[in-house]
Structure formats: structure tokens, C-alpha cells
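**Student:** One structure, as C-alpha cells, below. Some questions next.
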Amino acid sequence: MDKKTQTAMEMIKYYSGDTKRIEHFMKVHGYARLIGESVGLDSYTMELLEVTAYLHDIGIKVSEEKYNSSSGYYQQIEGPAIAEEMLLKIGYDKNFIDRVCYLISRHHKYSNIDGIDCQILIESDFLVNAVEDNISMDTMKDIKDKIFKTEAGKKILSSLRGV
0 MDKKTQTAME MIKYYSGDTK RIEHFMKVHG YARLIGESVG LDSYTMELLE
50 VTAYLHDIGI KVSEEKYNSS SGYYQQIEGP AIAEEMLLKI GYDKNFIDRV
100 CYLISRHHKY SNIDGIDCQI LIESDFLVNA VEDNISMDTM KDIKDKIFKT
150 EAGKKILSSL RGV
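For the sequence shown, numbering that gives the first Met the number 0 assigns the number 0 to the initial residue and increments by one for each residue that follows.
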């Protein structure tokens with residue numbers, strides 16, 4: 000089994016019994032892969048993006064235990080250390096792990112987006128959250144041009160929410 004698949008399987012095990020969380024990161028991964036392919040990411044950046052998409056909400060479990068909250072703020076604080084431990088066990092190198100952890104620490108920050116991998120992760124997570132959280136059409140229209148920069152992300156959003 001390759002490392003990317005191993006990461007997905009470890010996350011499924013990590014969230015065993017929590018179908019909602021597993022389905023969330025699997026959907027984020029699907030959109031991230033689709034958008035990444037549409038912009039022509041190189042293989043290294045694509046793997047980094049896909050692994051991060053699987054791991055982006057890894058901090059929720061600890062955040063709920065420590066703060067009684069699953070807010071993005073706490074996820075971004077707690078997630079990187081847990082992800083680092085998992086990725087070291089799987090065998091990823093330090094530079095790869097550092098970037099994944101950085102992206103996890105920023106996946107709910109919509110300003111100062113650093114890199115196409117970060118942009119795609121944010122768009123992918125937002126696409127899934129928009130539907131799961133039933134974000135209003137007015138909010139979607141206001142946010143669309145502020146958050147979405149890739150053509151694929153904009154097209155998917157328009158198809159999902161009609162904005």
C-alpha cells in the first residue's frame with residue numbers, strides 16, 4: 000500500500016465509528032484531487048494536497064476533548080502535532096510533513112493564502128462545508144469571489160449551490 004493510501008486508512012481508523020468525519024475528509028479529498036488535476040499540479044504537490052485533504056480536520060477530536068469545541072480555530076492549533084506523529088509513522092520526510100502541518104494550521108484562514116496547495120485545500124473544504132452546513136445563497140454569493148480563485152473550484156461551487 001502506498002503512503003497516501005496508508006494515510007487515508009489511518010484516518011479512517013482514527014475516526015472509527017464517526018461516519019460524519021470520515022465522509023467529510025473523503026469528500027474534501029475528492030474535490031482537492033479534482034481541482035488539483037484541473038490546474039495541473041505536479042505529482043509531489045498533488046500527493047501533498049491529497050494527504051493534507053485527508054488530515055485537515057485531524058485536530059477535531061482533541062479540540063472537542065480539550066475545549067468542548069470543533070471550531071476551526073482549535074483544529075488549526077491541535078491538528079499539526081497529531082498529523083506530524085501519524086505522518087512520521089507512515090514514513091514521510093520532514094519537509095513534506097512540515098508543509099502538511101502548515102496547511103492544516105491554516106485551512107480555515109481565508110487571507111494570506113500561501114500557495115496553490117493551500118488555495119485548493121481551502122476551496123475543497125469550503126465546498127463540502129457549504130453543503131454540510133447549508134450555507135445560505137446570499138452568503139455564498141458574498142464569499143465566492145473572496146475565497147475561490149481556481150476556475151474548477153468556482154465551477155463546482157456554482158454547480159453545487161447555483162451561485
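Just so you know, even glycine gets a beta-carbon here, dropped at the ideal spot from N, CA and C.
In its own chain, which residues sit with a C-beta less than 6 Å from the C-beta of Q118, not counting the 5 before and 5 after it?
**Tutor:** Excluding residues within five positions, the ones whose Cβ falls inside 6 Å are I112, K148.
**Student:** Could you give the DSSP three-state label for Y13: helix, strand or coil?
**Tutor:** helix
**Student:** Using three-state DSSP, classify T149 as helix, strand or coil.
**Tutor:** coil
**Student:** Counting along the chain, where does the alpha helix (DSSP H) carrying L40 start and finish?
**Tutor:** L40 -> no alpha helix (DSSP H), and no H or E assigned at all.
**Student:** Hey, out of A151, I59, D144, whose CA is closest to D17's CA?
**Tutor:** I59
**Student:** Are the beta-carbon atoms belonging to V99 and V27 less than 8 Å from one another?
**Tutor:** no
**Student:** What are the boundary residues of the alpha helix (DSSP H) that includes M85?
**Tutor:** 71-89
**Student:** Would you check if the distance between the CB atom of Y109 and the CB atom of I155 is smaller than 8 Å?
**Tutor:** no
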